[in-house]
Amino acid sequence: MSKPRKVHVKSFGCQMNVYDSHRMADTLAPGGFAETAEPGEADLVILNTCHIREKAVEKVYSEIGRIRVMKEAAAREGRRMLIAVAGCVAQAEGEEIVRRAGVVDLVVGSQNYHRLPGLLARAQAGEKVVDTEFPVEDKFAALAAPARDATAKRGVASFVTVQEGCDKFCTFCVVPYTRGAEVSRPVQQIVAEVEHLAVAGVREITLIGQNVNAFHGAGPDGEAWTLGRLLRRLAQVPGILRLRYTTSHPRDMGDDLIAAHAELPALMPYVHLPVQSGSDRILAAMNRKHTCTDYLAVITRLRAARADLALSSDFIVGFPGETEADFRVTLNLVEEVGFAGAFSFMYSPRPGTPAADMEQVAPEEKAERLQRLQALITRGQRAFNAGFAGRTLDVLLEKPGKLPGQLVGRSPYLQAVQVTAPRSAIGSVQRVTVIEVGSNSLFGEIADAPQLAAVGA
Ligand code: SAM
Ligand code: SF4
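Heads up: take any position in the sequence shown, counting from 1, add 5, and you land on my numbering.
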């Protein structure tokens with residue numbers, strides 16, 4: 006057994022990166038690396054990066070600058086710290102990272118991190134290592150399973166990647182270039198991972214993928230399974246109380262998946278369904294391959310299957326060619342759907358994508374539209390939350406809250422709910438009556454005290 010060493014992995018961007026960061030740590034664990042939350046004491050710092058918008062890239066370079074100071078301090082103490090850049094910036098920029106930031110020892114793309122132990126050995130020997138080639142082997146099959154104690158530390162709700170990459174080529178997006186072609190994991194590999202997590206205490210699984218509802222992984226019967234079929238199988242795993250999935254594309258919302266919302270009590274009534282814009286002209290320029298009417302029709306089908314289903318979305322404002330009239334149609338769509346929440350971004354030109362070469366909207370116009378859209382989204386979110394005052398909801402209690410004696414959990418609609426309850430209730434689903442609605446969370450009281458006492462016993 007080699008000498009114990011410490012690794013700090015910092016995630017930027019989406020949930021997929023959070024998942025990848027955990028799997029990187031899992032893969033390094035058999036080589037003697039323990040995770041640390043303190044970058045300053047680490048022997049290896051991995052920045053798991055995001056390339057989706059320009060600011061995200063700049064954030065990485067400024068973070069490298071911060072870690073550099075720690076690396077120099079470690080060297081003064083006679084300790085060697087290695088810095089690795091992983092994820093989508095690594096994939097997109099490759100060698101450029103080592104050129105621009107010579108302090109970086111290792112650059113590993115989003116599809117290659119299962120090779121980390123070998124790459125690290127080369128970096129330790131003094132080589133500047135860059136590995137961003139898309140590999141032929143199955144990354145997930147090559148990864149080490151998470152250790153039980155690592156899973157326990159990561160909490161009762163966990164992400165599991167089931168699908169990666171994208172073949173849709175929206176004109177604004179780098180994902181097809183940084184994450185590669187769309188690939189689904191085999192069903193049995195996913196089931197085994199979920200069973201492993203359930204035994205370690207995980208109670209909620211969110212299946213993740215850039216286009217998760219395009220999932221078509223090979224099943225044990227040799228057929229390509231839909232996401233709906235996968236969810237039905239995972240609902241049978243003992244210990245798994247809740248299932249979610251994200252991010253979905255409106256075009257891939259098949260009947261089978263929608264039917265799963267009517268059938269499976271474990272499938273939570275909340276769907277993140279990015280639309281990007283309400284204007285058909287802009288949707289066409291974005292190459293989204295759906296219209297606003299198509300999007301609304303998907304929502305009607307979802308709500309017919311599950312009347313209480315809540316929705317969130319992603320919006321881009323100031324896409325090239327977007328006029329005030331286009332933008333107003335987006336605002337109308339937001340009003341019409343009544344989203345429980347939404348993310349909105351100013352369009353950020355990404356080198357190498359078609360929209361980067363189109364005529365750009367002025368930055369101040371983008372900023373002004375973003376402000377108006379965000380105000381409307383916030384109003385909608387508050388109205389959605391206000392509707393829960395006095396209602397009783399199932400809450401999965403996840404972790405200690407801010408105040409002593411408090412736990413924080415999630416409602417079926419992904420709202421954070423603060424409640425007074427013993428720590429032993431973490432991992433259980435409790436009936437909670439909402440007594441106050443805050444701007445970011447709900448405050449509640451356990452409705453069924455005897456049941457909670459049984460959990461505490
Ligand atoms: N695959 C998902 C989909 O089709 O909706 C989303 C993937 S992307 C990681 C998450 C969000 O980032 C997108 O929904 C979009 O709103 C935003 N995004 C992607 N590229 C962008 C860009 N160039 N500028 C601004 N926002 C962008
Ligand atoms: Fe990017 Fe479009 Fe693919 Fe989503 S569907 S990952 S936005 S290219």
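Just so it is clear, CB atoms sit at the ideal spot from N, CA and C, and this is done for glycine as well. All values derive from a computational prediction rather than experimental measurement.
Under the three-state reduction of DSSP, which class applies to residue i: helix, strand or coil?
i, result
"methionine 363", "coil"
"arginine 238", "helix"
"serine 429", "helix"
"methionine 273", "coil"
"tyrosine 418", "coil"
"glycine 449", "strand"
"alanine 42", "coil"
"threonine 305", "helix"
"histidine 13", "strand"
"glycine 252", "The displayed chain sequence assigns threonine, not glycine, to residue 252. If DSSP states are grouped into helix, strand and coil, threonine 252 belongs with coil."
"threonine 211", "strand"
"alanine 312", "coil"
"phenylalanine 145", "helix"
"glutamine 116", "coil"
"alanine 462", "With a pLDDT of only 37 at alanine 462, under the threshold of 50, the placement of this residue in the model should not be trusted; the figure read from the coordinates follows. Alanine 462: coil per DSSP, three-state reduction."
"glutamate 138", "coil"
"alanine 380", "helix"
"valine 4", "There is no way to answer for residue 4, as the model of the chain reaches only from 6 to 462."
"arginine 247", "strand"
Give the straight-line distance between the Cα atoms of residue i and residue j, rounded to the nearest whole angstrom.
i, j, result
"lysine 407", "isoleucine 431", "15 Å"
"lysine 277", "tyrosine 250", "Looking at the sequence itself, residue 277 is histidine, so the reference to lysine does not match. C-alpha separation (whole angstroms): 8 Å."
"proline 356", "alanine 312", "42 Å"
"arginine 497", "threonine 335", "What is shown of the chain runs 6 to 462, which leaves residue 497 out entirely."
"serine 318", "alanine 78", "44 Å"
"phenylalanine 393", "glycine 346", "15 Å"
"threonine 183", "valine 422", "36 Å"
"asparagine 22", "asparagine 53", "7 Å"
"valine 400", "aspartate 31", "29 Å"
"glycine 461", "alanine 426", "Any reading at glycine 461 must be qualified, since the residue scores a pLDDT of 46, below 50, and its modelled position is unreliable; no value is offered."
"methionine 6", "alanine 89", "Note that methionine 6 has pLDDT 49, beneath the 50 cutoff, so the model's placement of it is unreliable and the number below is only indicative. Roughly 23 Å between the two C-alpha positions."
"phenylalanine 448", "alanine 315", "19 Å"
"glutamate 450", "proline 274", "22 Å"
"valine 242", "leucine 212", "14 Å"
"glutamate 403", "glutamate 364", "47 Å"
"glutamate 142", "glycine 92", "18 Å"
"aspartate 260", "glutamate 329", "35 Å"
"leucine 269", "glutamate 68", "43 Å"
"tyrosine 118", "alanine 452", "46 Å"
"proline 122", "proline 368", "44 Å"
"threonine 383", "leucine 125", "45 Å"
"glycine 410", "arginine 428", "8 Å"
Is residue i near the ligand SF4, judged by its Cβ being under 6 Å from some heavy atom?
i, result
"alanine 280", "The sequence shown places valine at residue 280, not alanine. No, the Cβ of valine 280 stays beyond 6 Å of every heavy atom of the ligand SF4."
"glutamine 20", "no"
"valine 276", "no"
"lysine 64", "no"
"glutamine 215", "yes"
"cysteine 55", "no"
"valine 322", "no"
"valine 180", "yes"
"cysteine 171", "yes"
Between which two residues does the alpha helix (DSSP H) containing residue i stretch?
i, result
"leucine 125", "121–129"
"glutamate 341", "329–342"
"serine 25", "Per the sequence presented here, residue 25 reads as aspartate, with serine not at that position. From DSSP, the alpha helix (DSSP H) with aspartate 25 extends over 20–33."
"glutamate 68", "59–81"
"phenylalanine 324", "Unbroken run through phenylalanine 324: none, as it is neither H nor E."
"phenylalanine 393", "Counting along the chain, phenylalanine 393 falls outside any alpha helix (DSSP H), and DSSP gives it neither H nor E."
"aspartate 285", "285–290"
"threonine 183", "180–183"
"alanine 265", "260–268"
Would you check whether the ligand SAM has a heavy atom nearer than 6 Å to the C-beta of residue i?
i, result
"phenylalanine 139", "no"
"tyrosine 515", "A question about residue 515 goes unanswered here, because the residues of the chain that appear run from 6 up to 462."
"arginine 81", "no"
"aspartate 299", "no"
"aspartate 319", "yes"
"phenylalanine 220", "no"
Along the chain, where does the beta strand (DSSP E) containing residue i start, and where does it finish?
i, result
"alanine 89", "87–91"
"serine 349", "346–351"
"asparagine 53", "49–54"
"arginine 436", "434–442"
"threonine 397", "397–405"
Throw me the rounded Cβ distance for the residue i and residue j pair, which I believe falls under 8 Å.
i, j, result
"methionine 291", "phenylalanine 332", "Going by Cβ atoms, the distance from methionine 291 to phenylalanine 332 rounds to 14 Å, so no, they are not a contact pair."
"serine 189", "glutamine 215", "Not confirmed; about 11 Å, so no contact."
"valine 112", "alanine 95", "5 Å"
"valine 165", "glutamate 198", "6 Å"
"glutamine 116", "glycine 185", "6 Å"
Heavy atom of the ligand MN less than 6 Å from the Cβ of residue i, yes or no?
i, result
"histidine 254", "Questions concerning the ligand MN fall outside what the structure shown contains, since the ligands it does hold are the ligand SAM and the ligand SF4."
Compare the C-beta of residue i with all C-beta atoms of chain D and state if any pair is closer than 7 Å.
i, result
"isoleucine 210", "Among the chains of the structure shown, chain D does not appear; only one protein chain is present."
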